[in-house]
Each structure stands twice: as C-alpha cells, then as structure tokens.
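Below you'll find the structure, written out as structure tokens, and then a few comments.
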Amino acid sequence: MGIELGEFPALPKQESGRSARLSYMGGTPSKYSRTGREVLERMRSEGKIEGEGPLLRGNPNNLKLIADDGQLIRIDSKIDMAHTVDAVTWWNNFGREFGPKSPEVRKFMLDSGNYIFQPSSKNRAEGARLGQTYQPPLVPGFTILVK
C-alpha cells in the first residue's frame, strides 16, 4: 500500500498547535531570504537556473529551474526550498541532541548548502515517503505535550 502522491501524513502537533517540525527546527528560510539568494546563485553557477538577475517576489526576471529531465519550471510558489538532507533525518540523527531551535539546529536550517530549489510536489512526496517522524529532544528537562 504506502503513501500516494499528494497524500501527506500530518506531523504531531504541540499543545500550542505547532508541528514538531516547527517547534524543534524552526521555519525553512524563504526563497527571497539571504539563504534563498545563496541557493539561487549556487544553483545558477551549477547550470540549474535559467535567467539573469535576482529572484524577486512575483519573479519579474522570469527565472526558471532546470529540472533533472531538462524541463524549465518557472520559480514561483510551487517551488520549495528543499533540504538535500531531510530535516527530519538530520534532527533524529543529530539535532535532537542539541535541543529545539538551538544554535546548532538553526545553523543547519540557515545553511544554504543544505538546500536546493525543487518543485513542491516532488519535495513533499519525497518527505512523505520517508515515513519518519520527529523524535523528542534528548536535552534533559525538555518535554513535549502531544495532543
């Protein structure tokens, strides 16, 4: 059986209503942030971005991602900042030892080398296929209340 494309399991919710992902790791930087600009320039130098100029909201420079199959995909709201090492995998193997939103965790989340631009559908399907959930932090004294 398994998870079908477009079917994504929900993350456990904290008592505050936030997902474990947001509570432990914090948010993914936007494509328009410093981290996003660094990802754009790196991918452009690797020949994976078509077009010149910065990525601005609305993409007036018409920048496009060159997909693995050569297809050109306009960079818009359907393009994610995708982790090259899945955030849940990194958290479960390393980050949980440091604690939620610790400097080490935030460094991982803000490191442009950890991201690529990827179509949202592919990014989210790959994440769902992992079948992993966020394990609780290993920091003494930290507890999580899951609904």
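Using the numbering used here, read the sequence shown as starting at 10 and increasing by one per residue.
In this text, a Cβ means the ideal position worked out from N, Cα and C, and glycines have one as well.
For residue i, three-class secondary structure by DSSP
{"i": "Phe-107", "result": "coil"}
{"i": "Lys-73", "result": "strand"}
{"i": "Glu-55", "result": "coil"}
{"i": "Ser-32", "result": "helix"}
{"i": "Arg-138", "result": "helix"}
{"i": "Glu-47", "result": "helix"}
{"i": "Asn-68", "result": "coil"}
{"i": "Arg-133", "result": "helix"}
Test: residue i CB closer than 8 Å to a CB of chain C
{"i": "Ser-42", "result": "Within the model displayed, chain C is absent; a lone protein chain is all it includes."}
Extent of the continuous beta strand (DSSP E) run through residue i
{"i": "Pro-128", "result": "124-128"}
{"i": "Ala-91", "result": "88-92"}
{"i": "Arg-83", "result": "81-83"}
Closest by C-alpha distance to residue i, when choosing among the options
{"i": "Gly-6", "options": "Arg-66, Val-94 and Leu-31", "result": "A question about residue 6 goes unanswered here, because the residues of the chain that appear run from 10 up to 156."}
{"i": "Glu-50", "options": "Asp-78, Gln-80 and Lys-73", "result": "Lys-73"}
{"i": "Pro-69", "options": "Ala-76, Glu-61 and Ile-75", "result": "Glu-61"}
{"i": "Leu-64", "options": "Arg-43, Gln-80 and Glu-55", "result": "Arg-43"}
{"i": "Gln-80", "options": "Ser-54, Ala-91, Ser-86 and Glu-59", "result": "Glu-59"}
{"i": "Val-148", "options": "Asp-120, Lys-110 and Leu-119", "result": "Lys-110"}
{"i": "Pro-146", "options": "Ile-75, Val-97 and Tyr-41", "result": "Val-97"}
Distance cut-off 7 Å: residue i Cβ against heavy atoms of the ligand GTP
{"i": "Met-34", "result": "Inclusion of the ligand GTP in the displayed structure is not the case, the ligand content being empty and no account of it being possible."}
Under 8 Å between C-beta atoms of residue i and residue j
{"i": "Gly-104", "j": "Glu-113", "result": "yes"}
{"i": "Ser-129", "j": "Asp-78", "result": "no"}
{"i": "Val-48", "j": "Phe-126", "result": "yes"}
{"i": "Tyr-143", "j": "Tyr-33", "result": "yes"}
{"i": "Asn-132", "j": "Ala-76", "result": "no"}
{"i": "Asp-95", "j": "Gly-36", "result": "no"}
Start and end residues, alpha helix (DSSP H) containing residue i
{"i": "Asn-101", "result": "96-102"}
{"i": "Val-114", "result": "112-119"}
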